[in-house]
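Chemist: With the first letter of the sequence shown counted as 1, position 463 gets the number 463 in our numbering; the numbers rise by one all the way through.
The beta-carbon is built from N, C-alpha and C at its ideal position, and this holds for glycine as well.
For clarity, every value in this text was computed on a predicted model and none was experimentally measured.
If you scroll down you'll find the structure; I have some questions about it.
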Amino acid sequence: MKKLTIYICCAIGLSMATSCKKFLDEKPISVSTDLSFWKNESDADKGVAGGYALLRKTLNKANGLAFYAYGDLPTDEFSAANTYRFDNISRMEWGIAVAVAETGDPMMQMRRYDTFYSAIDQANRCIKFIPTIADEKFSAPTTKNNLLGEAYFLRAFNYFYMTRIWGDIPLVTESAVITEAVDIPRTKAADVLAQCIKDVNTAINLLSWDYPNAGNRAVRANKGSAYALLAHIYAWQGDYQNCNSATDKIIDQNFYQYVNRDSYLNIYKGKSTEGIFEIAQSDENEGNTFGIGYYTLKTPYLTTNTNNAIFSINTANLTSFYSDADDKRFKNGFALTNSTDPICIKYSNITYVNGQNVITPVEHNNIIIFRLADIKLLKAEALAALNQFGPARTVLNDVRAQAGLGNWDGTDANLFEGIIDERGRELFLEGHRFYDLVRLARKTGVVKFGDEKMTKSDFEAGKYYWPIDPALMITNKKLTQTPFWSSKL
């Protein structure tokens, strides 16, 4: 058999996870068992659960940091990442040489898309086989629709996420093709996003607003999750008219409510009233021993680290971000702010396990993908882009009011940038900042990553798209390198 073009890793579970819970315990279905597996509702549910588990594995690759290393680390939030490879990631030195054999190297993992395609192949399998299960094998017609809708959502989410990272990527929408095909070329990002929009709209038509099980709130996709994904896709495309319409579908439904900013940290424990889509890892029998908290916390919030935090917050930018010290997000989301090493404590929901005379901290925080304040500010961004400045200010000020702040008082000319800045305050270390700054630079020409990370000319040359690891190009002869990096690896 020929070499695989896109390597599929079928093992489920994170090396850093202490355990997985409920539906995330399920393994993806292998090709060899397809014909004997898809018989009833339980099988369909297990198949979809495998897709969520693979997505969680993907966002936790590179020492449990991928979600934040893509979305936060290479931005103005941090001045340094004082550890192997993540210092290079922070400085956007993404072309650094890594030996092919070093598959565990964080830089290689960040440059590879293997696990994304594992999740996509699982979604493709669900999309192919769930419709073949007889309707009477489901407890209700809506159950079958919801499971199929979740599969379409997962496929769209993975492709959208990859497109923001690499731009053009191979597009595969058929089950098992990934494990058989050789030499799949990159598809234009615009065509991939078109497929994402098609999939999300299919998901919207299939999904319900409510969750069959209250314990699955936000950690499984519903109609609100799909509209949130759609809004972000349109914003990334610069299609702000459709972005605004998608955000309205969520806001007008009134299904989500703000968490009181005096209890701000409850958001990150997961499944809050504000959460729209999250990756489950916060319950008692879930958790990571090596994730974002390990790198951003120190004593007294992480008792095993008595030194400075491994990732250093950019103190100058932190001061400018939160110029009002009464901002509840600043007061409740950060600590040691009068020191030279302030820390973000969003991911400080930690328990300690004593085993074999070793005390191990276990982090219990969901990865918050979409939440209400994010969607509100995305709507404000869309309105500002459409020159609807008054309505944009109204939405912006609604979010600021939750944090105990007064109305934003900048000019209309600076409103779009002001909203991106507000997103920086609201969504600090939540995986959004990098993509927000890309949209800002595209719309206004303002590049705020920091010249030491990416200059305006670098941005215009496409540096914000990651390179593909050369190891992938060995097995796939049709892959071409991301243009900015083509002469740098």
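Measuring CA to CA, which of V200, A246, F311, L54 is closest to A382?
Modeler: A246
Chemist: Within its chain, find whatever has a CB closer than 6 angstroms to the CB of T202; leave out the 5 residues flanking it on each side and keep chain order.
Modeler: Here the set comprises Y152.
Chemist: Just mark A190 as buried or exposed, buried being the case when its beta carbon has 16 or more other beta carbons within 10 Å.
Modeler: exposed
Chemist: Distance check for V200 and T163, CA to CA, integer angstroms please.
Modeler: A direct Cα-Cα distance of roughly 15 angstroms separates T163 from V200.
Chemist: Would you report the Cα separation of K128 and W38, rounded to the nearest angstrom?
Modeler: 10 angstroms
Chemist: State buried or exposed for K57, treating a residue as buried only when at least 16 other CB atoms are found within 10 Å of its CB.
Modeler: buried
Chemist: Decide if W466 is buried, meaning its Cβ has at least 16 other Cβ atoms within 10 Å, or exposed.
Modeler: buried
Chemist: So with Cβ pairs under 9 angstroms, would you call D183 a contact of chain B?
Modeler: The chain inventory of the structure shown lacks chain B, comprising one protein chain alone.
Chemist: Considering only residues of the same chain and omitting the five flanking positions on each side of P106, which have a CB-CB separation below 8 angstroms?
Modeler: A62, N63, L65, A69, Y84, R85, F86, I89
Chemist: Can you check which of these residues, N146, N307, C196, is closest to N222 by C-alpha distance?
Modeler: N146
Chemist: Between N476, L318, I343, V358, which has its C-alpha nearest T304's C-alpha?
Modeler: When only C-alpha atoms are compared, the closest one is V358.
Chemist: With distances taken Cα to Cα, identify the nearest neighbour of A123 among T337, A44, I96.
Modeler: A44
Chemist: DSSP state of E381, grouped into three classes?
Modeler: helix
Chemist: What residue does the beta strand (DSSP E) around T517 start on, and which one ends it?
Modeler: Coverage of the chain is limited to positions 1 through 489, which leaves residue 517 absent and any answer about it impossible.
Chemist: Under 6 angstroms Cβ to Cβ from M454, same chain only, skipping five residues before and after it: list those, please.
Modeler: Contacts found: M92, K463.
Chemist: State the start and end residues of the unbroken beta strand (DSSP E) segment that holds T296.
Modeler: No beta strand (DSSP E) contains T296, which is instead part of the alpha helix (DSSP H) from 292-296.
Chemist: Measure the Cβ-Cβ separation of N476 and I184 and say whether it is below 9 angstroms.
Modeler: yes
Chemist: How far does the alpha helix (DSSP H) with G275 in it reach, from first residue to last?
Modeler: Careful: G275 lies outside any alpha helix (DSSP H), inside the beta strand (DSSP E) at 275-279.
Chemist: Of the choices K456, K379, V219, whose alpha-carbon is the least far from that of Q281?
Modeler: V219
Chemist: Here's a check: name, in chain order, each residue in its chain whose Cβ is nearer than 8 angstroms to the Cβ of N205, leaving out the five neighbours to either side.
Modeler: The residues are G149.
Chemist: State the start and end residues of the unbroken beta strand (DSSP E) segment that holds V395.
Modeler: V395 -> not in any beta strand (DSSP E); alpha helix (DSSP H) instead, spanning 389-402.
Chemist: Hey, F416 and A384: beta-carbon distance below 9 angstroms or not?
Modeler: yes
Chemist: Can you give, in chain order, each stretch of the beta strand (DSSP E) that sits fully within the segment 124-178 and has at least 3 residues?
Modeler: With a minimum length of 3 residues, no continuous beta strand (DSSP E) run stays inside the segment 124-178.
Chemist: Which of helix, strand or coil does DSSP assign to T319?
Modeler: Helix.
Chemist: Under the assumption that W485 contacts G95 (Cβ atoms under 8 angstroms), give the Cβ distance between them as a whole number of angstroms.
Modeler: 5 angstroms
Chemist: Is A231 near K379, with beta carbons less than 9 angstroms apart?
Modeler: yes
Chemist: Under 8 angstroms: do the segment 262-274 and the segment 331-347 share three or more Cβ pairs, one atom per stretch?
Modeler: yes
Chemist: When the Cα of K198 is compared with those of G445, F157, D210, which residue comes out closest?
Modeler: F157
Chemist: Looking only at its chain, what residues have a beta carbon closer than 7 angstroms to the beta carbon of L336, apart from the 5 residues adjacent to it on each side?
Modeler: P342, I343
Chemist: How is I89 classed by DSSP in three states: helix, strand or coil?
Modeler: helix
Chemist: Can you give the Cα-Cα distance for G375 and Y117, rounded to whole angstroms?
Modeler: Here the sequence assigns Ile to residue 375, which means Gly is not the residue at that position. Rounded to whole angstroms, I375 to Y117 spans 27 angstroms at the Cα level.
Chemist: Looking only at its chain, what residues have a beta carbon closer than 6 angstroms to the beta carbon of V98, apart from the 5 residues adjacent to it on each side?
Modeler: D105, M107, M108
Chemist: With a threshold of 8 angstroms, are at least 3 pairs of Cβ atoms found where one atom belongs to the segment 384-400 and the other to the segment 293-301?
Modeler: Judged by Cβ distances under 8 angstroms, the segment 384-400 makes no contact with the segment 293-301, as fewer than three pairs qualify.
Chemist: Considering only C-alpha positions, which residue in the set T132, K46, I276, D76 is nearest to G450?
Modeler: G450 has its Cα closest to that of D76, out of T132, K46, I276, D76.
Chemist: Below 9 angstroms between beta carbons: does that hold for I233 and L193?
Modeler: yes
Chemist: In or out: V395 buried (at least 16 other Cβ within 10 Å) or exposed?
Modeler: buried
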